[in-house]
Each structure stands twice: as C-alpha cells, then as structure tokens.
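Structure record follows, encoded as structure tokens.
There are 2 protein chains.
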Amino acid sequence: MPTSARSASRAELVGEWRELLERHAKVSCALEKSLNAEHGIGLSEFEVLDRLVDAAKGENRMSDLAADIYLSQSALSRAVARLEDDGLVRRAMCDNDRRAIFVCLTDKGREVAERARPTHREILGRTWDVAAD
Amino acid sequence: MPTSARSASRAELVGEWRELLERHAKVSCALEKSLNAEHGIGLSEFEVLDRLVDAAKGENRMSDLAADIYLSQSALSRAVARLEDDGLVRRAMCDNDRRAIFVCLTDKGREVAERARPTHREILGRTWDVAAD
DNA sequence: CACCATTCCATGCGTGTGCATTGAATGCAA
DNA sequence: TTGCATTCAATGCACACGCATGGAATGGTG
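Those protein sequences? They're chains A and B, same order as listed.
Residues 1 to 133 (UniProt numbering) are what the first sequence spells out, left to right.
Residues 1 to 133 (UniProt numbering) are what the second sequence spells out, left to right.
So, in structure tokens, the structure goes:
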C-alpha cells in the first residue's frame with residue numbers, strides 16, 4: 001500500500017494535497033531549524049550529504065545528484081557551493097568528460113553527515129504526525 | 001487509515017519523507033506553472049482564494065487565514081497584497097478590533113477562484129502519482 | 001577537418017519566503 | 001487615569017529558489 005490512496009476521489013485528493021502541504025511545511029521548517037542550529041547546515045545541504053554518504057563511491061556527478069533529488073539543477077549547484085565553502089564537500093574534475101564535476105565528501109563532511117542523521121530522524125519522528133505541536 | 005503509516009520504522013519514515021518531498025516538488029511546481037499560465041495567480045494566491053470561497057462569510061481575518069494555511073504570517077500578508085493588487089481581494093477594516101483586517105473576495109476574485117479550481121484539481125490528479133512524468 | 005546540436009555546470013536576475021522588528025490598537029492592572 | 005504586556009498586520013532584510021542564459025566540452029555529420 002503506497003502512501004497515496006490510488007482511488008481517491010477529486011475531493012479526497014485535494015484533502016490529501018492539503019495534508020501534504022501542511023506536513024511539508026511543518027516538517028521541513030522544523031528540520032531546517034534543527035539542522036541549522038545543531039550542525040550548521042540547511043535541509044537541502046543535508047539531503048545532498050545524505051545522498052553522498054549512501055552512494056559513497058566517490059563517483060557522484062552533479063547531474064546524477066540532480067536527478068535523485070528534489071532540487072533544480074541550479075539549486076543543487078548552489079547547495080554544493082555552500083557545502084564546499086563549509087569544507088564538507090570537494091569538487092573534482094572528471095577525466096572522461098571534462099564538462100562533468102564529481103562531488104566528493106570530505107572527512108569533515110562525512111563526520112557532519114553522520115552526526116546530523118540522528119537529528120534528522122528524530123525531528124522527522126517528532127513532527128510527522130499532524131496533531132503533534 | 002490516514003496517509004501516514006503510524007507504525008513506520010525509522011528507515012521507513014525517512015523513505016516516506018523523501019517520497020513526500022519528491023511529490024511536493026513535482027506537484028507544487030506543476031500547479032505553480034499551470035495556475036500562473038492559465039489564471040495569472042501563484043499557488044499561494046490560489047490557496048488563499050480557495051479558503052475565501054469556502055468560508056465566504058466575508059468575515060475572514062488575516063490571523064484566521066494564517067492559522068488555516070501553511071504560510072507564515074508575513075508570507076500571507078504579501079500574498080494578500082498581491083491579490084489586492086490584482087483586484088481579486090479587498091482589505092476591510094474591522095470595527096470591533098481596529099488592529100485586525102478582514103479579507104474579502106471581490107467579484108473578480110470569486111470568478112478567478114472558480115475558474116482556477118478545475119485546473120487545480122486536474123493538475124493535481126495528473127501529477128500526484130510518482131511514476132507519471 | 002569544420003560545423004552544429006547537445007550536454008554539463010555556473011550565474012544573473014527576479015521573486016517568494018521566514019525571521020525579526022515596527023507601529024498601531026487592545027486589554028489588563030495599579 | 002497611566003503604564004505595560006500582548007496581539008495584529010506590514011515591512012526591511014537576507015537568503016534559497018527557479019528560469020533563462022552563458023561558456024566550455026562533447027559527439028555526430030558532412
């Protein structure tokens with residue numbers, strides 16, 4: 001059973017959409033604040049780091065990341081730029097295709113990512129339910 | 001059965017969250033574009049208009065709207081300002097409490113809201129499922 | 001080879017957002 | 001009454017976003 005009710009009527013769909021909007025606003029706002037306060041990164045930056053830890057092969061092109069994430073290509077480019085400024089990530093040339101850029105975790109980046117994960121999961125669990133304030 | 005799986009494990013919750021992020025990005029982006037192209041309003045503006053049509057008593061204070069919607073107080077204030085510039089909404093004084101502002105639909109506003117609703121529902125139905133591109 | 005469409009990433013620009021603050025209006029308490 | 005904390009909506013500010021564009025590199029075609 002996926003999250004979406006496949007046979008939802010129009011009205012039900014609108015209701016689900018409003019629920020989604022509300023939850024999105026509440027959760028992402030809480031994540032943004034906590035990640036920023038405790039680890040000095042935003043939600044977009046966390047999502048990028050998180051992907052990099054999983055796919056840790058060191059062969060992550062910008063374009064691959066962009067496909068996996070909800071960010072536009074330009075937003076990703078800037079998120080990576082911020083991560084690079086913070087020393088959490090490094091841009092590397094790709095010898096095969098010199099248009100492409102590899103994004104690599106630094107040691108500091110991996111460290112921050114792994115410390116941030118518990119925070120992420122905790123806030124997620126705490127704010128997921130609509131009722132909870 | 002609500003949208004959320006109440007007993008989701010940590011990993012499942014993260015998965016659901018990513019799904020939500022993806023869907024939110026896809027749907028809201030599509031809504032934004034279609035509403036703008038066909039009716040000249042953004043998604044936030046549509047949400048405000050939609051609330052006003054439902055609660056059409058003419059007694060909608062900014063603060064009440066802010067509570068019902070995923071927008072911050074300042075974002076709502078600006079959304080209403082844009083709607084007012086477009087002549088879709090009118091701000092009225094509240095005699096009981098002269099700090100408060102009533103937001104009222106104009107005829108044009110009601111018209112636009114009612115023409116925009118089908119678009120909204122259609123785009124929602126078309127983009128809701130993750131697989132659909 | 002020369003040419004051109006395509007792909008990749010970065011960036012200028014306009015816009016919408018949240019946070020913090022402002023100023024007005026209110027309500028309560030001394 | 002005066003004084004002060006609270007509530008309401010608007011706004012300055014910084015910032016992240018998407019769109020559109022740009023330059024570099026690539027791949028194919030004549």
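Glycine residues also receive a C-beta, built at the ideal position from the N, C-alpha and C atoms.
Please read all numbers here as calculations on a predicted model, not as lab measurements.
Taking C-beta to C-beta, are B/Ala113 and B/Val53 nearer than 8 Å?
Taking 8 Å as the Cβ cut-off, B/Ala113 and B/Val53 qualify as a contacting pair.
Tell me, please, which residues DSSP counts as bridged to A/Val80.
Answer is none; A/Val80 lacks a bridge partner.
Taking CB distances under 8 Å as the criterion, tell me whether A/Arg51 reaches chain B.
By this cut-off, A/Arg51 is not an interface position.
Distance, A/Lys26 Cα to B/Val14 Cα:
Between B/Val14 and A/Lys26, the C-alpha separation is close to 15 Å.
Chain-ordered chain B contacts of A/Gly125 [CB-CB under 8 Å]:
The answer, in chain order, is Arg10 and Leu13.
State the Cα-Cα distance for the pair B/Gly125 and B/Arg117, rounded to the nearest angstrom.
B/Gly125 and B/Arg117: Cα-Cα distance of roughly 12 Å.
Give me, in chain order, the residues of the same chain whose beta-carbon lies closer than 8 Å to that of A/Ser28; leave out the 5 immediate sequence neighbours on both sides.
Within the same chain, A/Ser28 has close Cβ partners Leu43.
Spatial neighbours of A/Arg90 within its chain, please: C-beta separation below 6 Å, excluding the five flanking residues on both sides.
So the qualifying residues of the chain are Cys104 and Thr106.
If you measure from the beta carbon of A/Ala25 to each beta carbon in chain B, is any gap under 8 Å?
Yes, because at least one Cβ of chain B sits closer than 8 Å to the Cβ of A/Ala25.
Taking A/Lys34 as the reference, which of A/His120, A/Arg78 and A/Arg82 has the closest Cα?
In the sequence on display, residue 34 of chain A carries Ser and not Lys. That would be A/His120, whose Cα lies nearest to the Cα of A/Ser34.
Using a C-beta to C-beta distance shorter than 8 Å, which residues of chain B count as neighbours of A/Glu22?
The answer, in chain order, is Tyr70.
So that I know if they touch, is there some Cβ in chain B lying closer than 8 Å to that of A/Arg78?
No, no contact with chain B.
Can you check whether the C-beta of A/Arg121 is within less than 8 Å of a C-beta belonging to chain B?
It does: the Cβ of A/Arg121 has a partner Cβ on chain B nearer than 8 Å.
Work out the CA separation of B/Asp64 and A/Leu71 for me, nearest whole Å.
For the pair A/Leu71 and B/Asp64, the Cα-to-Cα distance works out to about 32 Å.
Between the Cα of A/Phe46 and the Cα atoms of A/Ser9, A/Asp129, A/Arg115 and A/Thr127, which residue gives the shortest distance?
Per the Cα distances, A/Arg115.
Alpha carbon to alpha carbon, how far is B/Gly40 from A/Asp95?
Here the alpha carbon of B/Gly40 sits roughly 47 Å from the alpha carbon of A/Asp95.
Between the alpha carbons of A/Glu59 and A/Met93, how many angstroms are there, rounded?
When rounded, the separation of the alpha-carbon atoms in A/Glu59 and A/Met93 is 11 Å.
Check whether the Cβ atoms of B/Arg61 and B/Ile101 lie closer than 8 Å to each other.
For the 8 Å CB-CB criterion, B/Arg61 and B/Ile101 form a contact.
As a quick exercise: from A/Trp128, A/Ser74 and A/Asn36, pick the residue whose alpha carbon is nearest that of A/Asp86.
Comparing C-alpha distances from A/Asp86 to each of A/Trp128, A/Ser74 and A/Asn36 shows the shortest one belongs to A/Asn36.
So, at 6 Å on beta carbons, what are the nonlocal neighbours of B/Gln73 in its own chain, with the 5 sequence-adjacent residues on each side left out?
Excluding positions up to five away in sequence, the list reads Ala66.
Go ahead and label B/Ala79 buried or exposed: buried means 16 or more other beta carbons lie within 10 angstroms of its beta carbon, across all protein chains shown.
Buried: at least 16 other Cβ atoms inside 10 Å.
Which term fits A/Arg23, buried or exposed, when burial requires 16 or more other beta carbons within 10 angstroms of its beta carbon?
Under this definition A/Arg23 is a buried residue.
Where DSSP assigns a beta bridge to A/Leu105, which residues make up the other side?
For A/Leu105, DSSP records a beta bridge to A/Val89.
Does the beta-carbon distance from A/Leu20 to B/Leu20 come in below 8 Å?
Result yes, Cβ atoms of A/Leu20 and B/Leu20 sit closer than 8 Å.
Since A/Arg61 sits in a beta bridge, which residues does DSSP pair it with?
According to the DSSP secondary-structure assignment, A/Arg61 is paired through a beta bridge with A/Phe102.
If you measure between the beta carbons of B/Ala55 and B/Thr127, is that distance less than 8 Å?
No, the pair does not count as a contact, with Cβ atoms beyond the cut-off.
In the structure shown, what three-state DSSP assignment does A/Gly125 receive?
A/Gly125: helix per DSSP, three-state reduction.
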